[in-house]
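The next block holds one structure in the form of structure tokens; read it before the comments.
In my numbering, the protein residues as written are 304 to 542.
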């Protein structure tokens with residue numbers, strides 16, 4: 304279907320969605336705006352583009368990646384045709400990037416349950432307050448602990464889905480959260496979203512999920528080069 308009148312935006316979504324919020328210092332407002340994309344790769348790229356538009360000095364944290372067998376024994380990556388360069392380029396869903404670029408004032412999302420009792424859960428969003436070598440001083444941007452400070456440590460993270468080995472990386476368990484996948488946005492509500500569709504929606508019900516993240520039509524902007532958006536619905540699911 305065609306993008307509904309008034310929702311379309313041309314070019315890069317960030318300008319239409321964030322406006323001057325990236326330079327205003329208004330964290331409360333900034334945390335209520337997000338770009339949604341169908342795929343993990345697009346969300347990662349959009350996050351770095353948005354970060355570039357924020358004022359301040361960035362800091363880069365590089366992960367230490369390795370692979371092991373299912374029993375935890377180290378594997379020489381080249382022996383399995385998986386080079387170090389390949390591992391560094393691979394950012395599976397639910398893992399932080401090998402090169403994590405951050406700034407004070409950036410919005411981030413936690414990727415692991417660190418302390419569920421104290422709201423340190425997978426999907427929780429924070430604003431970066433101070434960046435250290437081994438820890439990030441952050442503030443909750445929503446929920447029962449909104450405004451409270453917390454320290455997020457650098458930890459070892461494992462991933463083995465779709466690989467014949469266990470991939471490990473020493474990194475902060477976070478990602479930038481200016482942009483996220485439609486799937487990751489489930490359960491969250493924003494004042495404004497930008498739906499970035501350089502590539503079309505590809506799975507059942509994702510368009511509904513994206514549009515329902517905000518409570519009003521005025522809070523939605525859509526970027527799709529063709530001017531067409533695909534609402535994928537599997538009829539078998541509705542029976």
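We put the beta carbon where it would ideally sit given N, CA and C, even for glycine.
Computed from a predicted structure; not experimentally measured.
What is the residue span of the alpha helix (DSSP H) that residue i lies within?
i, result
"residue 369", "Note, residue 369: premise wrong, no alpha helix (DSSP H); beta strand (DSSP E) at 367-371."
"residue 354", "343-355"
"residue 340", "Looking at the DSSP string, residue 340 is not in any alpha helix (DSSP H); the run it does join, the beta strand (DSSP E), is 336-340."
Rounding to the nearest angstrom, what Cα-Cα distance links residue i and residue j in this structure?
i, j, result
"residue 542", "residue 406", "For residue 542, the predicted structure reports a pLDDT of 45, less than 50, and the residue's modelled location is therefore unreliable. A value from the coordinates is still provided. Cα to Cα, residue 542 sits roughly 48 Å from residue 406."
"residue 428", "residue 480", "7 Å"
"residue 539", "residue 511", "Unreliable placement is indicated for residue 539, whose pLDDT of 47 sits below 50; the coordinate value is still reported in the next sentence. Those two C-alpha atoms are separated by around 17 Å."
"residue 356", "residue 341", "23 Å"
"residue 432", "residue 358", "14 Å"
"residue 376", "residue 413", "28 Å"
"residue 460", "residue 471", "5 Å"
"residue 322", "residue 388", "36 Å"
"residue 450", "residue 423", "14 Å"
"residue 434", "residue 362", "8 Å"
"residue 327", "residue 333", "9 Å"
"residue 446", "residue 324", "21 Å"
"residue 463", "residue 400", "16 Å"
"residue 374", "residue 475", "24 Å"
"residue 501", "residue 485", "14 Å"
"residue 397", "residue 318", "27 Å"
What are the start and end residues of the beta strand (DSSP E) that includes residue i?
i, result
"residue 419", "From DSSP, residue 419 is part of no beta strand (DSSP E); its letter is neither H nor E."
"residue 484", "482-484"
"residue 405", "402-405"
"residue 439", "438-443"
"residue 413", "410-413"
"residue 478", "477-479"
"residue 456", "452-456"
"residue 448", "Careful: residue 448 lies outside any beta strand (DSSP E) and carries neither H nor E."
"residue 360", "First-last for residue 360: undefined, no H or E at that position."
"residue 434", "428-434"
Exposed or buried, what is residue i when buried is set at 16 or more other beta-carbons lying within 10 Å of its beta-carbon?
i, result
"residue 350", "buried"
"residue 456", "exposed"
"residue 522", "buried"
"residue 483", "buried"
"residue 365", "exposed"
"residue 509", "buried"
"residue 519", "exposed"
"residue 497", "buried"
"residue 467", "exposed"
"residue 392", "exposed"
"residue 527", "buried"
"residue 515", "exposed"
Between residue i and residue j, how many whole angstroms is the CB-CB distance? I'm expecting something under 8 Å.
i, j, result
"residue 439", "residue 367", "Contact doesn't hold; Cβ gap of about 17 Å is too wide."
"residue 339", "residue 394", "18 Å between Cβ atoms; not a contact."
"residue 494", "residue 344", "In fact, because the Cβ distance is near 26 Å, the residues do not count as touching under 8 Å."
Specify the secondary structure class of residue i as computed by DSSP and reduced to three states.
i, result
"residue 536", "For residue 536, the predicted structure reports a pLDDT of 48, less than 50, and the residue's modelled location is therefore unreliable. The matter cannot be settled from this model."
"residue 317", "helix"
"residue 513", "helix"
"residue 527", "coil"
"residue 495", "strand"
"residue 331", "helix"
"residue 472", "strand"
"residue 461", "strand"
"residue 389", "helix"
"residue 500", "coil"
When you compare the CB of residue i with every CB in chain B, is at least one pair closer than 7 Å?
i, result
"residue 456", "Going by chain labels, chain B is absent from the structure shown, which holds only one protein chain."
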